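Residue numbering for the sequence shown follows the working numbering, starting at 1 and increasing by one per position. Think of the CB as a built atom: it goes at the ideal place given N, C-alpha and C, for glycine as much as any other residue. All values derive from a computational prediction rather than experimental measurement. Heads up, the thing below is written out as structure tokens.
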Amino acid sequence: NNSTLLGIDSNNNGVRDDVERYLLDKYKNHHKIVSEIALQSGRAFQIVLEHPENARKTNIVFRSALYCGWYFQDDANSFGDPILIDSDMMEYKYEELQLNTKGRIRAYLEYNHNLSGGVYRAVYGPEAKKLCDFNVTELLKVQ
1 NNSTLLGIDS NNNGVRDDVE RYLLDKYKNH HKIVSEIALQ SGRAFQIVLE HPENARKTNI
61 VFRSALYCGW YFQDDANSFG DPILIDSDMM EYKYEELQLN TKGRIRAYLE YNHNLSGGVY
121 RAVYGPEAKK LCDFNVTELL KVQ
């Protein structure tokens with residue numbers, strides 16, 4: 001899975017297979033929304049790695065995954081939803097897995113370089129919840 005920049009995505013869901021296996025295993029005992037947020041982040045990483053030269057555009061996808069996660073970490077209970085993520089769940093192994101080749105590191109550094117000098121608005125509350133790329137309403141019905 002390391003022979004190409006984007007690796008193998010055998011089910012075409014936008015997440016590299018090794019990353020998907022890791023995320024689904026890591027969050028298997030958590031609410032389904034947690035694994036969906038993680039997979040959204042995995043898809044965002046792939047887009048960033050594939051198109052680092054378009055950082056200003058791809059940053060929207062990357063930040064949407066981030067804000068969706070923040071909603072369920074910090075804001076959800078203020079809007080009638082459960083807090084499903086705590087800060088202890090976040091760790092650097094995921095980023096190490098995403099950026100596990102020189103080519104992937106170079107692409108991510110190029111992406112970050114292309115973002116320099118930009119100003120990016122933070123999103124909170126219901127606006128952040130809308131950035132989740134999965135059906136939050138349906139998944140909140142499932143415990």
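Go ahead and label P52 buried or exposed: buried means 16 or more other beta carbons lie within 10 angstroms of its beta carbon, across all protein chains shown. buried
So Q73 is in the alpha helix (DSSP H); what residue range does that whole segment cover? Taken as a continuous stretch (DSSP letters only), Q73 belongs to no alpha helix (DSSP H), as it is neither H nor E.
The stretch 68 to 80 in contact with the stretch 11 to 25 per 3-pair CB rule at 8 Å: no
What residue range does the alpha helix (DSSP H) around A122 cover? For A122, there is no enclosing alpha helix (DSSP H), since its DSSP letter is neither H nor E.
Have a look at K102 and Y67 and give me their C-alpha separation to the nearest angstrom. 28 Å
Of all the options R121, K32, C132, which has the alpha carbon lying nearest to the alpha carbon of Q40? Minimum Cα distance to Q40 is reached at C132.
Could you tell me the distance, in whole angstroms, from the CA atom of F62 to the CA atom of N135? Straight-line measurement puts the Cα of N135 at about 18 Å from the Cα of F62.
Between G7 and D18, how many whole angstroms is the CB-CB distance? I'm expecting something under 8 Å. 7 Å
With respect to the alpha helix (DSSP H) encompassing H51, which residues constitute its N-terminal and C-terminal limits? Counting along the chain, H51 falls outside any alpha helix (DSSP H), and DSSP gives it neither H nor E.
Would DSSP call T4 helix, strand or coil? Three-state result, T4: coil.
Tell me whether Y27 sits in a helix, a strand or coil according to DSSP, three-state version. In the structure shown, Y27 sits in coil (DSSP, three-state: anything other than H, G, I, E or B).
The stretch 46 to 60 contacting the stretch 78 to 86, beta-carbon criterion three pairs below 8 Å: no
I'd like the list of long-range same chain contacts for I105, defined as Cβ closer than 7 Å, with 5 residues on each side in sequence excluded. Listed in chain order, the non-local C-beta contacts of I105 below 7 Å within the same chain comprise L99, local neighbours out to five positions each way being set aside.
G118 - DSSP class collapsed to helix/strand/coil: In the structure shown, G118 sits in coil (DSSP, three-state: anything other than H, G, I, E or B).
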